[in-house]
Amino acid sequence: MTKRLYEDDVMQRSCRAVVTACVPRKKGYGVVLDQTVFFPEGGGQLSDVGTLQAADRRWTVTHTAEADGEVYHEVDEAIPVGTQVEAVLDWQRRMDNMQQHCGEHLVSFAFWKLFGAHNIGFHMNPELVTIDLDKELTWEQAMEAERLANQHIEDDRPVTIQIVTPEQAAEMHLRKFNDKITGPVRIIAIEGSDTCTCCGTHPTTTGQIGLVKIFKARQHRGGTRLTMLAGRLALDRIRSEMEAATQASNLLSVKEEELPDAVGRMQDERTTLHQQLSERTQALAAYRVAELRRHPVFDDEGHQRITLFEEAMEPGEAKFLMRQIESIPNAIAILLYHHGERLNYMVEVTEGAEADASNLIRTLNDRFHGHGGGKKRNAQGSAPYEEATAKDVQAFLQEKRA
Numbered sequence: 001m002t003k004r005l006y007e008d009d010v011m012q013r014s015c016r017a018v019v020t021a022c023v024p025r026k027k028g029y030g031v032v033l034d035q036t037v038f039f040p041e042g043g044g045q046l047s048d049v050g051t052l053q054a055a056d057r058r059w060t061v062t063h064t065a066e067a068d069g070e071v072y073h074e075v076d077e078a079i080p081v082g083t084q085v086e087a088v089l090d091w092q093r094r095m096d097n098m099q100q101h102c103g104e105h106l107v108s109f110a111f112w113k114l115f116g117a118h119n120i121g122f123h124m125n126p127e128l129v130t131i132d133l134d135k136e137l138t139w140e141q142a143m144e145a146e147r148l149a150n151q152h153i154e155d156d157r158p159v160t161i162q163i164v165t166p167e168q169a170a171e172m173h174l175r176k177f178n179d180k181i182t183g184p185v186r187i188i189a190i191e192g193s194d195t196c197t198c199c200g201t202h203p204t205t206t207g208q209i210g211l212v213k214i215f216k217a218r219q220h221r222g223g224t225r226l227t228m229l230a231g232r233l234a235l236d237r238i239r240s241e242m243e244a245a246t247q248a249s250n251l252l253s254v255k256e257e258e259l260p261d262a263v264g265r266m267q268d269e270r271t272t273l274h275q276q277l278s279e280r281t282q283a284l285a286a287y288r289v290a291e292l293r294r295h296p297v298f299d300d301e302g303h304q305r306i307t308l309f310e311e312a313m314e315p316g317e318a319k320f321l322m323r324q325i326e327s328i329p330n331a332i333a334i335l336l337y338h339h340g341e342r343l344n345y346m347v348e349v350t351e352g353a354e355a356d357a358s359n360l361i362r363t364l365n366d367r368f369h370g371h372g373g374g375k376k377r378n379a380q381g382s383a384p385y386e387e388a389t390a391k392d393v394q395a396f397l398q399e400k401r402a
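Residue 1 is where the sequence shown starts when you use the working numbering, and the numbers rise one by one after that.
Structural data, given as structure tokens:
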């Protein structure tokens with residue numbers, strides 16, 4: 001069985017090892033070593049990545065996983081059993097993972113200590129960390145917990161590991177303990193702060209975390225879901241959001257702290273403009289329908305034929321216009337309009353007209369290589385809008401005018 005060196009020295013970055021097994025995996029091969037510094041994914045923590053090196057050969061370890069008590073280093077080609085390698089961590093990835101995981105411990109402890117809220121879910125990915133708590137909490141409470149967690153980072157408290165029996169663990173004052181554990185229990189203890197069972201890697205002192213930052217706290221399934229980051233990743237996220245805030249403040253000619261009010265004013269203005277546009281759109285639709293009534297064009301069967309094309313139109317506007325056309329009796333109406341990368345088309349057969357809208361849609365589908373369907377009275381479809389589509393539409397309109 002692989003000796004896991006990270007359990008004794010989490011700061012060890014590399015080791016000499018011998019390949020004891022190499023088996024096919026879903027992607028590439030899983031290499032087992034007699035000892036390793038690589039942490040396999042588990043307990044909510046991402047796996048270590050890095051390289052295996054031998055003489056002039058180098059294999060990239062893209063993932064590390066545990067199965068049947070063994071640690072598998074996933075590489076893209078097989079490595080012969082007996083090969084001596086140097087296992088080297090991607091240290092930045094390891095440190096990022098340790099900062100996130102230990103930062104999560106401090107944040108979870110803060111909410112437990114201050115508000116009696118328990119961590120019931122933890123997930124970490126390369127972009128963010130989420131924590132699910134069993135109580136609904138406010139943003140102000142989240143900021144209070146964040147301050148406590150950062151205070152414990154500033155104190156640079158020691159982080160130690162203890163291996164105890166389940167009976168000993170049950171007697172300890174732990175924030176979280178699984179009483180179903182039957183074997184040795186691994187305890188992560190932060191002096192004067194969090195103590196709980198955990199299989200992950202953590203820095204040796206809290207100061208190495210740097211900082212923790214909670215970005216969101218929202219209600220989730222009767223509790224609270226936090227989005228947070230720690231250390232370098234938190235600093236990168238803060239820097240990115242500050243740059244975005246600075247750009248936005250420059251565009252709006254306001255200070256960063258005035259952005260919420262400025263955005264609120266813009267939303268109010270947008271609502272007003274949208275209402276005005278909607279009123280004008282409806283007025284224009286009514287005018288167009290009135291013009292269609294005054295200047296009807298009939299086919300040989302006595303139906304009023306209406307064929308319209310709009311180079312740019314919103315779906316809502318198109319639906320409203322077709323609803324107005326419904327009031328024209330004995331009409332067969334086709335509306336084509338360009339929206340985004342699609343040519344949309346709608347067919348309406350009004351009261352008194354003898355035609356099937358779904359059949360007309362199939363004809364349009366064939367003509368413009370689109371898809372759609374509907375009922376006898378109304379149907380709709382769409383097709384890709386490409387450079388040649390505009391010419392096809394114009395040809396179609398000429399045919400209808402002839």
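The beta-carbon is built from N, C-alpha and C at its ideal position, and this holds for glycine as well.
Discussion item. Going by DSSP in three states, Glu354 sits in which element: helix, strand or coil?
Written reply: The residue labelled residue 354 in the question sits at position 354 within the sequence shown. Note: Glu354 maps to coil in three-state DSSP.
Worksheet item: Of the residues Gly43, Leu364, Cys15, which one's Cα is nearest the Cα of Ala54?
Response: Position 54 of the sequence shown, counting from 1, holds the residue named residue 54. Cα-wise, what sits closest to Ala54 is Cys15.
Discussion item. For Glu314 and Ala244, what's the separation of their Cα atoms in angstroms?
Written reply: Taking the first residue of the sequence shown as 1, we reach residue 314 at position 314. Taking the first residue of the sequence shown as 1, we reach residue 244 at position 244. If I take the Cα positions, the gap works out to 30 angstroms.
Worksheet item: How is Gly223 classed by DSSP in three states: helix, strand or coil?
Response: Locating residue 223 in the sequence shown gives position 223, counting from the first residue. Here Gly223 sits in strand by DSSP.
Worksheet item: How do the segment 318 to 325 and the segment 271 to 289 stand: do at least 3 beta-carbon pairs fall below 8 angstroms, yes or no?
Response: yes
Fill in: Status (buried if at least 16 other CB within 10 Å, exposed otherwise) for Glu341
The residue given as residue 341 occupies position 341 in the sequence shown. By the 10 Å Cβ count, Glu341 comes out exposed.
Discussion item. Let me check understanding here. Comparing Cα to Cα, which of Pro296, His339, Tyr337 lies closest to Ala331?
Written reply: As a working mapping, residue 331 is identified with position 331 in the sequence shown. For Ala331, the nearest C-alpha among the options comes from Pro296.
Worksheet entry | 8 angstroms Cβ shell around Glu171 - same chain, five flanking residues per side excluded | The residue you call residue 171 lines up with position 171 of the sequence shown. Correct list: empty, nothing qualifies.
Item to complete: Pull up the CB-CB distance for Leu148 and Leu174, whole angstroms please, since I reckon it's below 8 angstroms.
Response: For the purposes of this step, residue 148 is taken as the residue at position 148 of the sequence shown. For the purposes of this step, residue 174 is taken as the residue at position 174 of the sequence shown. That belief does not hold up - the Cβ atoms of Leu148 and Leu174 are roughly 18 angstroms apart, past 8 angstroms.
Worksheet entry | The alpha helix (DSSP H) enclosing Pro315, as first and last residue numbers | Here residue 315 is taken as the residue at index 315 of the sequence shown, counted from 1. 315 to 325 is the span of the alpha helix (DSSP H), which, as asked, contains Pro315.
Practice prompt. Specify whether the segment 145 to 163 and the segment 185 to 203 touch according to this definition: at least 3 beta carbon pairs, one from each stretch, less than 8 angstroms apart.
Written response: yes
Practice prompt. Would you grab the beta carbon distance between His73 and Gly43 for me? Rounded to a whole angstrom, and I think it's under 8 angstroms.
Written response: Against the sequence shown, residue 73 aligns to sequence position 73. Against the sequence shown, residue 43 aligns to sequence position 43. About 18 angstroms separates the two Cβ atoms, so there is no contact after all.
Discussion item. Starting from Ser253, trace the alpha helix (DSSP H) in both directions and tell me its first and last residue.
Written reply: The residue labelled residue 253 in the question sits at position 253 within the sequence shown. Per DSSP, Ser253 belongs to no alpha helix (DSSP H) and is neither H nor E.
Discussion item. Is the beta carbon of Phe309 closer than 7 angstroms to that of Leu336?
Written reply: As a first step, residue 336 must be located in the sequence shown, where it is residue number 336. As a first step, residue 309 must be located in the sequence shown, where it is residue number 309. Result yes, Cβ atoms of Leu336 and Phe309 sit closer than 7 angstroms.
Discussion item. Taking the alpha carbon of Ala117 as the reference point, which residue from Thr224, Gln208, Thr206 has its own alpha carbon closest?
Written reply: Walking along the sequence shown from the start, residue 117 turns up at place 117. Closest option to Ala117, Cα to Cα, is Thr224.
Discussion item. Within a Cβ cutoff of 6 angstroms, which residues of the same chain sit near Ile334, ignoring the five residues on either side of it in sequence?
Written reply: Translated into the one-based positions of the sequence shown, residue 334 becomes position 334. Hits under 6 angstroms: Thr307, Val347.
Fill in: Given Glu70 as reference, the closest of Phe39, His369, Gln84, Ala110 once Cα atoms are compared
Indexing the sequence shown from 1 puts residue 70 at position 70. Of Phe39, His369, Gln84, Ala110, the residue nearest in Cα terms is Phe39.
Discussion item. Is the beta carbon of Gly381 closer than 7 angstroms to that of His369?
Written reply: As a working mapping, residue 369 is identified with position 369 in the sequence shown. As a working mapping, residue 381 is identified with position 381 in the sequence shown. It is not a contact, given that the beta carbons lie outside the stated cut-off.
Discussion item. Assuming contact is defined by CB atoms lying nearer than 7 angstroms, are Thr51 and Val32 in contact in what I supplied?
Written reply: Looking up residue 51 in the sequence shown gives position 51. Looking up residue 32 in the sequence shown gives position 32. No, these two residues do not count as a Cβ contact at 7 angstroms.
Worksheet item: Taking C-alpha atoms, which residue in Arg270, Arg377, Arg367 lies nearest to Glu399?
Response: Here residue 399 corresponds to residue number 399 of the sequence shown, with the count starting at 1. Answer by Cα proximity: Arg367.
Fill in: Straight-line gap, Thr246 to Ala262 (C-alpha atoms, nearest Å)
Numbered from 1 along the sequence shown, position 246 holds the residue referred to as residue 246. Numbered from 1 along the sequence shown, position 262 holds the residue referred to as residue 262. Whole-angstrom Cα-Cα distance: 13 angstroms.
Worksheet item: From the DSSP output, which residues share a beta bridge with Thr165?
Response: Looking up residue 165 in the sequence shown gives position 165. Paired residue(s): none; Thr165 is not in a bridge.
Discussion item. Tell me the residue span of the beta strand (DSSP E) that contains Ile64.
Written reply: In the sequence shown, residue 64 corresponds to position 64, counting from 1. In the sequence under discussion, the amino acid at residue 64 is Thr, which differs from the Ile named in the question. Its beta strand (DSSP E) spans residues 63 to 67.
Discussion item. Taking the alpha-carbon of Thr64 as reference, which of Gln45, Arg58, Gly82 has the nearest alpha-carbon?
Written reply: By 1-based counting over the sequence shown, the position of residue 64 is 64. Minimum Cα distance to Thr64 is reached at Gln45.
Discussion item. Within a Cβ cutoff of 6 angstroms, which residues of the same chain sit near Val10, ignoring the five residues on either side of it in sequence?
Written reply: Start at 1 with the first residue of the sequence shown, and residue 10 comes out as number 10. Here the set comprises Thr201.
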